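K.L.:
Mind looking over this structure? Questions follow.
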Amino acid sequence: MRGSHRIDKSKLVDKIYMLHQLRQKNAEMSEQSSKKSDFQVRKIHDIDDDLGKAA
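The sequence shown runs 1 to 55 under our numbering.
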């Protein structure tokens, strides 16, 4: 099965874009509320883990 281990590039691009959006949001929200930014940070770590597995 050639190519079965390849990354779905469009999904990876979506995740990188989402990660960028979350980091921007997190920077804005960290000024307002630490509880909300904690949630965002957890979400960012989840996506980072996914990217690490895919790479």
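For glycine and all other residues, C-beta sits at the position ideal for the given N, C-alpha and C.
Every value quoted in this text rests on a predicted model; they were computed, and no experiment measured them.
To the nearest angstrom, how far is the alpha carbon of Ile47 from that of Lys15?
P.N.:
Whole-angstrom Cα-Cα distance: 7 Å.
K.L.:
When DSSP labels each residue in this structure, what does Met1 get in the three-state scheme?
P.N.:
A caution first: Met1 carries a pLDDT of 45, below 50, which makes its placement in the model unreliable, though a value can still be read off. Met1: coil per DSSP, three-state reduction.
K.L.:
Between Leu19, Lys9, Gln24, which lies nearest to Asp49 when the distance is taken from Cα to Cα?
P.N.:
Per the Cα distances, Leu19.
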